[in-house]
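Residue numbers (full-length UniProt numbering): 1 to 135.
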């Protein structure tokens, strides 16, 4: 088994600059390079196998193989569209408790936390899971 060598931040940054910082699959900001043929199959970081990609699209594709780059793009777009979106509202306890009782009871999918630090941690977790929220 070949020990994987990473592209490294300097080469990755250089290639992103050359290829553009737009995710090939969804158009969002690209922060990494995706291997069209997953590295685990070809063990190569050849530039002809790399496209700019956002983290979400890279994780969505995983190690799946596709006949063409266009088929991979279609798969990612469809998979992201099928994801269930959960809408939640985030509240600091002191802010939530300042609301009237009727407003408190009318809120559905409210998550209440005690500290700003807990709120920031929760926001990071929700973003990682692609859950839409209002803070």
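C-beta: ideal position from N, C-alpha, C; glycine also. Predicted, not measured: the structure shown is a model, and the values here were computed from it.
Uninterrupted beta strand (DSSP E) stretches at least 3 residues long and entirely within the segment 52-120 occur at 88-92 and 110-113, given in chain order. Proximity of the segment 26-34 to the segment 46-65 meets the contact definition, three or more beta-carbon pairs being nearer than 8 Å.
It is roughly 8 Å from the alpha-carbon of residue 115 to the alpha-carbon of residue 93. In this structure, the CA atom of residue 74 is about 8 Å from the CA atom of residue 25.
The Cβ neighbour count for residue 81, taken over all protein chains shown within 10 Å, is under 16; the residue is labelled exposed. In this structure residue 96 is in contact with residue 112, their Cβ atoms being roughly 5 Å apart against a cut-off of 8 Å. Assignment of residue 40 by DSSP, reduced to helix, strand and coil, places it in the helix class. Judged by DSSP secondary structure, residue 33 falls within the beta strand (DSSP E) whose first and last residues are 32-35. Secondary structure of residue 15 (DSSP, three-state): helix.
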